[in-house]
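Shown next, in structure tokens, is the structure this report addresses.
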Amino acid sequence: MNYMQNIERASQAEAAHEYLDQTFWPHGVKAISAWRLVAISRLILAIFALLAIYIDPTQPARSSEIAYFVLAAYVIHSGALALIVERFVVSRPAAYLVHGVDILTFGVVLYLTDGPTSPFFVLLTFALFAATIRWGWRGAAFTTLATVGIYGLLAVLSDDLMDDLNRIVMRSTYLVVAGVLFAYFGYIIERMRHGVASLAGSSAQAWLGGDTPIASVLRRAAAITRATRALAVWRDEAGSLSRVVALERGIVSYDESANRLPKAIDTGGAEFWRGGSQKLPDWLIRGKVESIIMAPLPGGSAEGFVLFVDCEETGEDLLPLASVAAARIGYEIAEQDLRQRLIEAAKAEEREKLARDIHDDLLQSMAAVSIQLTSLAKESEGETEGRLSQVRAIIGEQQDKLRTLVREATGERRVQKTCRVAGRLRNLLVEMQAQWACSIALSVAPLDLVMSETAAKGLFMLISEAIANGVRHGRASRFEVHLESTRTLFTLTIKDDGVGLQQPAATFEYETVLAEEIGSISLCRRVQALGWRLSLDNSPRGLSVTIRGALV
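Counted from 1, the sequence shown has number 77 at position 77 by my numbering; the numbering is strictly sequential.
Structure (structure tokens):
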């Protein structure tokens, strides 16, 4: 991995941990390191334990002086540690040593103060807490064994074992139960850290198995939450399309819908729903659902949310991870939008440069050729003069087309024109039938379908190329062209009776067509340039090309 990728990953991890800090800590409260928290807690406990013996020196059963001396030394030890952790990083061996001193000191204090019935029993709980904060569930498990062993030894050494049996049994049980709870808490923390690191490590340069960055993050998040299905849903900038990336059984699918996102979903944070939710429409969630974890995308990226359906471990424990996943996906959506804007800006600049070159070079050359042909036509007679005039007319037509392209590329045509598609498409297909000696059936719904001039031109060029490819490469002779639309979207389907593609019979989605370069590369790139989507349904009985996009 190169230097820039390391910087990117570090910044992503820092952003994710910052998001977790905002999730766990109330507004205005600064997060504190684990070592500092443990050191301050140790010092407070030591001071109040010493104060308790000072106030009631008769409480220690065996030796008040020794207990007083041990706790005084422990206060000094705790104060020194509190100062050290403020300035230095404690190594792992030193941490083990400090923890061992804590447990040994607590055992001695309990022995000197009534053994298993000592009022300082709470110190053992602190040892469990400190181990969990430092080393997670493993630290909690080993410390539980150590504290239960020490407490059992104190019970055996006690002179009043039978008299205090009920208290000893309850305190022993309390240590075991507390140890289990602390271990579970440590497991949750460890999984959270692993999940945050994994999600922060997702990179646009490191796609998983050809996934897009959004699908890559969704796949990692689904693996962490153990969800049977995961979805990222957001609304595009214009608000006309709802985009969906879904992961189910390891398969990623992409979809667009004219359905609006439900407004009821706009919440301030992640939520857990048992048995699904009426907030979600049927077009988004199908079938029986036992539980859903929802996290909205953060403000500033896109309007949408992330869903994790039927996680193996349900509950609110997964809400912070879902929030981190939503933040990461929101970052990818914003980056994807920015990347697309940069590409479009570069294309616009390149088109303008090309238009200037055409105007300054090619059009001038064609004008010179036209003048020369006019001069030759005047000097020629008969059939030669007619042919020269025909060539001059063709050149004139091409000049007009090039001038139109130059005006469009340089932005001279500011007004967005619209056109009725059905009539112009019918005329185009009549020309195509004559040109390629094939039959073409057309259906348009609604008949008064209106598109922007730019979209219509792109659509007509795609239809022309698809039919030409079907005749030349697929040996097709009959075509069916279906064009239908909703208020903002259209769907175009072109079916032929040719031999299909060389690939096996299957349906190829847009991402697969792009990644594996299936079918006509120029057709696919033209669709991509228009911001539309293309899919191919291949079979021995012919090829079906489906194109979806916006009417504007």
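Every residue gets a Cβ at the ideal spot worked out from N, C-alpha and C, and that includes glycine.
Burial state of residue i (16 or more Cβ within 10 Å)
{"i": "D114", "result": "buried"}
{"i": "H194", "result": "exposed"}
{"i": "P564", "result": "This structure cannot settle anything about residue 564, because the visible part of the chain is limited to 1 through 552."}
{"i": "G186", "result": "buried"}
{"i": "A538", "result": "Reading the sequence as shown, one finds Asn at residue 538 and not Ala. Answer is buried; the Cβ neighbour count reaches 16."}
{"i": "N166", "result": "exposed"}
{"i": "A434", "result": "exposed"}
{"i": "Y19", "result": "Residue placement at Y19 is poorly supported in this model, since its pLDDT is 47, which falls under 50; the coordinates still yield a value, given next. That one is buried."}
{"i": "R555", "result": "The shown model of the chain, from 1 to 552, leaves out residue 555, and the question about it has no answer."}
{"i": "G531", "result": "exposed"}
{"i": "V545", "result": "buried"}
{"i": "K417", "result": "exposed"}
{"i": "S242", "result": "buried"}
{"i": "D56", "result": "exposed"}
{"i": "V481", "result": "buried"}
{"i": "R42", "result": "buried"}
{"i": "G250", "result": "exposed"}
{"i": "L175", "result": "buried"}
{"i": "V177", "result": "exposed"}
{"i": "K288", "result": "exposed"}
{"i": "A264", "result": "In this prediction, A264 scores a pLDDT of 45, lower than 50, which makes its location untrustworthy; the coordinate-derived value is nonetheless stated afterwards. By the neighbour-count rule (16 or more Cβ atoms within 10 Å), A264 is not buried but exposed."}
{"i": "P116", "result": "buried"}
{"i": "L543", "result": "buried"}
{"i": "Y96", "result": "exposed"}
{"i": "P504", "result": "exposed"}
{"i": "P93", "result": "exposed"}
Given residue i as reference, the closest of the options once Cα atoms are compared
{"i": "I521", "options": "E465, R478, K495, R548", "result": "E465"}
{"i": "D337", "options": "R249, F120, W234", "result": "W234"}
{"i": "T290", "options": "G304, F308, R87", "result": "Residue 290 is actually Glu in this sequence, not Thr. Of G304, F308, R87, the residue nearest in Cα terms is F308."}
{"i": "A304", "options": "A326, P320, A322, D102", "result": "For the sequence presented, residue 304 should be read as Gly rather than Ala. Looking at the Cα atoms, A326 is the closest of the given residues."}
{"i": "R541", "options": "S452, T493, G498", "result": "G498"}
{"i": "P320", "options": "L342, D310, F272, L354", "result": "F272"}
{"i": "R191", "options": "A215, W135, T212, R525", "result": "W135"}
{"i": "S443", "options": "L175, I188, G423", "result": "G423"}
{"i": "G500", "options": "A346, A230, V101, I518", "result": "I518"}
{"i": "S172", "options": "A215, R351, V122", "result": "V122"}
{"i": "T454", "options": "A34, R526, A127", "result": "R526"}
{"i": "R36", "options": "A130, A73, L543, S253", "result": "A130"}
{"i": "I84", "options": "V98, A72, A73, R339", "result": "V98"}
{"i": "A476", "options": "Q502, S485, A437", "result": "A437"}
{"i": "Q502", "options": "Y510, G474, T486, L523", "result": "G474"}
{"i": "S33", "options": "L71, L124, V90", "result": "V90"}
{"i": "R219", "options": "A322, A72, R92", "result": "A322"}
{"i": "P298", "options": "L280, R328, L199", "result": "R328"}
{"i": "V180", "options": "T125, D160, M162, T212", "result": "T125"}
{"i": "M345", "options": "K495, R92, Y74, A529", "result": "This sequence places Ala at residue 345; Met is not what is there. Nearest option by C-alpha distance: A529."}
Cutoff 6 Å; reference residue i; Cβ partners in own chain excluding five residues on either side
{"i": "F24", "result": "Only weak support is given to the placement of F24: the predicted model assigns it a pLDDT of 46, under 50, and the question is left unresolved by the model."}
{"i": "D255", "result": "V244"}
{"i": "R548", "result": "T491, R533"}
{"i": "A222", "result": "A230, L247"}
{"i": "Y68", "result": "I53"}
{"i": "V29", "result": "Reliability of the predicted coordinates at V29 is poor, the pLDDT of 46 falling under 50, and the value obtained from them is presented with this limitation in mind. Around V29: no qualifying Cβ."}
{"i": "G158", "result": "Gly is not the amino acid found at residue 158; the sequence shown has Ser there. Correct list, in chain order: G115, P116."}
{"i": "C419", "result": "E453, A456"}
{"i": "L447", "result": "A422"}
{"i": "A622", "result": "This structure cannot speak to residue 622, because the chain is shown only from 1 to 552."}
{"i": "L523", "result": "E465"}
{"i": "N469", "result": "S520"}
Same chain only: Cβ atoms within 8 Å of residue i, ignoring 5 sequence neighbours per side
{"i": "Q22", "result": "Because Q22 sits at a pLDDT of 47, beneath the cut-off of 50, its placement in the model cannot be relied upon, and the following sentence gives the value as read from the coordinates. So the list is empty, once near-sequence residues are dropped."}
{"i": "R414", "result": "With a pLDDT of only 47 at R414, under the threshold of 50, the placement of this residue in the model should not be trusted; the figure read from the coordinates follows. For R414, where only same-chain residues beyond five positions count, there are no Cβ hits under 8 Å."}
{"i": "V421", "result": "V444, L449, V450, M451, A456, L459, L483"}
For residue j and residue i, believed in contact at Cβ under 8 Å, the rounded distance
{"i": "I293", "j": "T225", "result": "7 Å"}
{"i": "L428", "j": "F460", "result": "6 Å"}
{"i": "L553", "j": "F508", "result": "Since the displayed the chain opens at 1 and closes at 552, residue 553 lies outside it and no answer follows."}
{"i": "A550", "j": "T488", "result": "6 Å"}
{"i": "V38", "j": "I133", "result": "6 Å"}
{"i": "D317", "j": "I188", "result": "6 Å"}
Same chain, Cβ closer than 7 Å to residue i, neighbours up to 5 away in sequence not counted
{"i": "E312", "result": "R226"}
{"i": "M432", "result": "I440, S464, I467"}
{"i": "I40", "result": "A82"}
{"i": "V553", "result": "An answer regarding residue 553 cannot be provided, because it is not within the stretch 1 to 552 covered by the chain."}
{"i": "Y111", "result": "L154"}
{"i": "L71", "result": "A46, A49, L50, I53, V109"}
{"i": "F88", "result": "none"}
Does the segment 513–520 come close enough to the segment 318–337 to have 3 or more Cβ pairs within less than 8 Å? no
Below 8 Å, how does it come out for the segment 38–56 and the segment 73–82: are there three or more Cβ pairs, yes or no? yes
Taking three-plus beta-carbon pairs below 8 Å as touching, is the segment 97–114 in contact with the segment 134–147? yes
Taking 8 Å as the cut-off, does the segment 131–143 touch the segment 151–158 (at least 3 CB pairs, one atom from each stretch)? no
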